[in-house]
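Asker:
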Amino acid sequence: GDLHVANRKIAPDGWKRSAVLAGKSLATVDIPGPLITANRGDRLKINVIDELSDTSMVRATSIHWHGIFQKGTNWADGVASVTQCPIIPGESFLYNFLVPEPGTYWYHSHISVQYCDGLRGPLVIYDPEDPYKGEYDVDDESTVLTIADWYHRTARDILATQAAPAPNATLINGKGRYPENPTAPFSVINVEHGKRYRFRLISMSCDPSHTFSIDGHNFTIIETDGQYTQPHTVTSIFLHAGQRYSIILHANQKIGNYWIRASPDDGPVGYENGINSAILRYSGSPPSEPQPSTHPTPTGPGSELKEYDLAPLFSPQAPGRPRPGGADVTLDITLGFALPASFLMNGVQWKTPSVPVLLQMLSGQRHPKSLVPNGLVYLIPKGAIVEVNLHGGDAPGGPHPFHLHGHAFSVVKHGDIDVYNFQNPVRRDVTYVSTGNLTTIRFTTNNTGPWFLHCHKDFHLEDGLAAVLAEDIEDVKEEVVPPDEWKNLCPTYEEFSQTY
Ligand code: C2O
8 GDLHVANRKI
18 APDGWKRSAV
28 LAGKSLATVD
38 IPGPLITANR
48 GDRLKINVID
58 ELSDTSMVRA
68 TSIHWHGIFQ
78 KGTNWADGVA
88 SVTQCPIIPG
98 ESFLYNFLVP
108 EPGTYWYHSH
118 ISVQYCDGLR
128 GPLVIYDPED
138 PYKGEYDVDD
148 ESTVLTIADW
158 YHRTARDILA
168 TQAAPAPNAT
178 LINGKGRYPE
188 NPTAPFSVIN
198 VEHGKRYRFR
208 LISMSCDPSH
218 TFSIDGHNFT
228 IIETDGQYTQ
238 PHTVTSIFLH
248 AGQRYSIILH
258 ANQKIGNYWI
268 RASPDDGPVG
278 YENGINSAIL
288 RYSGSPPSEP
298 QPSTHPTPTG
308 PGSELKEYDL
318 APLFSPQAPG
328 RPRPGGADVT
338 LDITLGFALP
348 ASFLMNGVQW
358 KTPSVPVLLQ
368 MLSGQRHPKS
378 LVPNGLVYLI
388 PKGAIVEVNL
398 HGGDAPGGPH
408 PFHLHGHAFS
418 VVKHGDIDVY
428 NFQNPVRRDV
438 TYVSTGNLTT
448 IRFTTNNTGP
458 WFLHCHKDFH
468 LEDGLAAVLA
478 EDIEDVKEEV
488 VPPDEWKNLC
498 PTYEEFSQTY
């Protein structure tokens with residue numbers, strides 16, 4: 008189907024501003040963008056049409072399908088300057104790819120900081136053979152919960168003038184409040200007493216991590232980032248930008264209204280005046296606001312999710328030999344920072360290439376310095392077990408949620424504990440590293456093409472916290488064959504990379 012991208016003035020938290028929005032028709036563009044669904048094994052064909060007109064924000068676009076592996080279709084990964092030339096206003100581009108892996112995903116703009124201005128939406132791949140099918144009654148569009156930060160200024164403006172992004176509001180399913188406006192409407196999630204719901208929790212954050220909870224309820228995690236997990240019951244999740252969870256909530260409490268909470272670690276914290284909140288409403292309850300103190304969320308040992316509490320349900324072992332360095336390829340990447348606003352990887356700032364990395368690879372370039380400015384590209388062979396050590400170094404603004412395109416990875420060591428787990432570490436596509444800490448991931452190369460590895464705080468990415476892993480460069484011409492439309496995006500690229 009079509010996905011229209013256009014500017015509209017909206018006031019999701021009561022403050023009116025111009026935004027970048029997506030819709031299945033031009034008349035229905037919204038925040039978040041429409042829910043896109045498919046079954047595992049389906050082919051998605053999405054024609055993205057750029058109808059952007061507001062010159063105060065980026066007008067070119069590209070859409071990344073976050074968490075979809077794009078095996079053999081690296082050209083459809085949607086990263087402007089890495090896997091494609093941007094789509095320019097008045098043009099469209101057909102993304103055409105398979106979705107063999109079920110789970111909870113999302114899509115967002117991947118050019119500059121455009122998704123912070125609104126261009127983000129949920130993507131769910133259902134599984135007819137879900138091993139947890141008997142554990143819940145409802146899993147549909149009514150149970151998708153998106154968490155996003157929201158700003159009263161454009162992202163470009165914030166980058167140019169502010170030291171830290173400091174969001175004005177949190178949007179849950181596109182609705183929220185900023186502290187000075189206690190009247191904007193809440194999102195309401197309706198449930199029936201006695202039923203079990205599979206909620207699809209998606210962080211579409213551009214910057215903060217959010218502490219998510221539902222008053223008076225615990226819930227059981229069964230999936231993270233497209234990977235089934237062993238069931239694990241908690242009452243709160245510290246959710247980093249780009250991460251997703253499926254949680255089963257049993258609506259077994261007293262009939263009533265309950266607060267859904269998502270408090271950010273940057274921006275307005277707490278819940279006063281109804282900020283950072285939505286409502287869970289049992290059918291039969293009055294359409295009123297919950298009383299804050301009647302249903303506190305249980306706390307105590309084990310109530311809060313630690314990422315190392317999660318274990319994959321299937322094939323839980325990390326690839327490779329169980330010791331640090333026990334992989335075919337080991338990459339050490341240390342994060343850093345230089346004033347006034349440059350994030351560094353191994354002392355070097357990512358700079359956007361003027362010709363997409365995939366196009367360079369297809370035309371025979373092999374040298375890091377000719378593939379990207381500053382040479383921030385790591386060549387990795389096919390069929391290899393790769394270990395990446397992410398050293399937090401002295402980079403400020405952590406925790407840094409790191410995302411790798413084209414793969415899920417096993418997180419064999421987490422930033423905040425000094426223990427390796429090769430037996431059953433969590434497998435996902437966004438993990439995090441904090442200042443001074445080490446986080447280690449492992450994966451096996453089986454997917455040809457350039458894959459972006461970057462901090463999912465979009466302002467950090469824009470300031471340079473990124474690199475490319477160029478996988479199986481020898482076979483790229485045979486394994487990745489873009490359609491003609493893909494090449495047609497490119498002639499105007501130079502012109503537009505200067506203009507935008
Ligand atoms: Cu969710 Cu590189 O992106």
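Quick note on mature numbering (1 follows the signal peptide of the UniProt record, and there is no 0): the sequence shown kicks off at 8 and runs consecutively. The beta carbon of each residue, even a glycine, is placed where N, CA and C say it ideally should be. From a predicted model like this one, the values you see are computed outputs, not experimental measurements.
Residues in the same chain with beta-carbon distance under 6 Å from P498, minus the five sequence neighbours each way, listed in chain order, please.
Answerer: Position 491 of the sequence shown, counted from the first residue, corresponds to residue 498. Hits under 6 Å: none found.
Asker: So is the beta-carbon of G249 under 7 Å away from any non-hydrogen atom of the ligand C2O?
Answerer: For the purposes of this step, residue 249 is identified with residue 242 of the sequence shown, where counting begins at 1. G249: yes, Cβ under 7 Å from the ligand C2O.
Asker: Relative to the ligand C2O, is the shortest distance from any of its heavy atoms to the C-beta of V27 smaller than 7 Å?
Answerer: Here residue 27 refers to the residue found at position 20 of the sequence shown. Checking the Cβ of V27 against the ligand C2O gives no.
Asker: Taking all protein chains shown into account, decide if G48 is buried (16 or more other Cβ within 10 angstroms of its Cβ) or exposed.
Answerer: The residue labelled residue 48 in the question sits at position 41 within the sequence shown. Exposed, because fewer than 16 other Cβ atoms sit within 10 Å of the Cβ of G48.
Asker: Does the separation of the CB atoms of H247 and S216 fall below 8 Å?
Answerer: Translated into the one-based positions of the sequence shown, residue 247 becomes position 240. Translated into the one-based positions of the sequence shown, residue 216 becomes position 209. In this structure, S216 lies closer than 8 Å to H247 by Cβ.
Asker: Candidates L317, K182 and T447: which alpha carbon is nearest residue 513's?
Answerer: In the structure as shown, the chain begins at 8 and stops at 507. Residue 513 is therefore absent and cannot be evaluated.
Asker: Take residue 522 as the anchor and find which of I43, D339 and N280 has the nearest alpha-carbon.
Answerer: The structure shown does not extend to residue 522, since the chain is modelled only from 8 through 507, so no value can be given for it.
Asker: Where K494 and I267 are concerned, what is the direct C-alpha to C-alpha distance, given to the nearest angstrom?
Answerer: Position 487 of the sequence shown holds residue 494. Position 260 of the sequence shown holds residue 267. Going by the C-alpha atoms only, they are around 46 Å apart.
Asker: On the premise that I221 lies in contact with Y265, defined as a C-beta separation below 8 Å, what is that separation, rounded to the nearest angstrom?
Answerer: As a working note, residue 265 is residue 258 in the sequence shown. As a working note, residue 221 is residue 214 in the sequence shown. Indeed they touch by this definition, with Cβ atoms about 6 Å apart.
Asker: On the premise that I17 lies in contact with A29, defined as a C-beta separation below 8 Å, what is that separation, rounded to the nearest angstrom?
Answerer: Residue mapping note: residue 29 aligns to position 22 of the sequence shown, counting from 1. Residue mapping note: residue 17 aligns to position 10 of the sequence shown, counting from 1. Incorrect: roughly 12 Å between the Cβ atoms, too far for contact.
Asker: Run through DSSP, which three-state label would K313 get?
Answerer: What you label residue 313 is simply residue 306 of the sequence shown in a count that begins at 1. DSSP places K313 in coil when its eight states are reduced to three.
Asker: Can you tell me whether D436 is buried or exposed? The criterion is at least 16 other CB atoms within 10 Å of its CB, across all chains shown.
Answerer: Position 429 of the sequence shown, counted from the start, is the residue given in the question as residue 436. Burial call: buried.
Asker: One question on the structure: do Y315 and H421 come within less than 8 Å of each other, judged by their Cβ atoms?
Answerer: Within the sequence shown, residue 315 is the residue found at index 308, counting from 1. Within the sequence shown, residue 421 is the residue found at index 414, counting from 1. It is a contact, given that the beta carbons lie within the stated cut-off.
Asker: So what does M368 bridge to, in DSSP terms?
Answerer: For this step, residue 368 is matched to residue 361 along the sequence shown. Note: M368 sits in no beta bridge, so no partner.
Asker: Could you name the residues of the same chain whose beta carbon sits closer than 6 Å to that of G85, not counting the 5 residues immediately before and after it, in chain order?
Answerer: Within the sequence shown, the letter at position 78 stands for residue 85. Answer for G85: S69, I70, H71 and H117, listed in chain order.
Asker: Since I286 and V151 are thought to touch, with beta carbons under 8 Å apart, how far apart are those beta carbons, to the nearest angstrom?
Answerer: Taking the first residue of the sequence shown as 1, we reach residue 286 at position 279. Taking the first residue of the sequence shown as 1, we reach residue 151 at position 144. Not confirmed; about 16 Å, so no contact.
Asker: Cα separation between L256 and R205?
Answerer: As a position in the sequence shown, residue 256 is number 249, starting the count at 1. As a position in the sequence shown, residue 205 is number 198, starting the count at 1. Cα-Cα distance, rounded: 7 Å.
Asker: Please classify L208 as buried or exposed, where buried requires at least 16 neighbouring CB atoms within 10 angstroms.
Answerer: Position 201 of the sequence shown, counted from the start, is the residue given in the question as residue 208. Result: buried.
Asker: Runs of 4 residues minimum, wholly inside the region 328-402: which ones carry the alpha helix (DSSP H) assignment?
Answerer: Runs found: 364-369 and 375-378.
Asker: Taking the Cβ atom as the reference point for each residue, do N384 and V336 lie within a distance shorter than 8 Å?
Answerer: In the sequence shown, counting from the first residue as 1, residue 384 sits at position 377. In the sequence shown, counting from the first residue as 1, residue 336 sits at position 329. According to the sequence displayed, residue 384 carries Val and not Asn. In this structure, V336 does not lie closer than 8 Å to V384 by Cβ.
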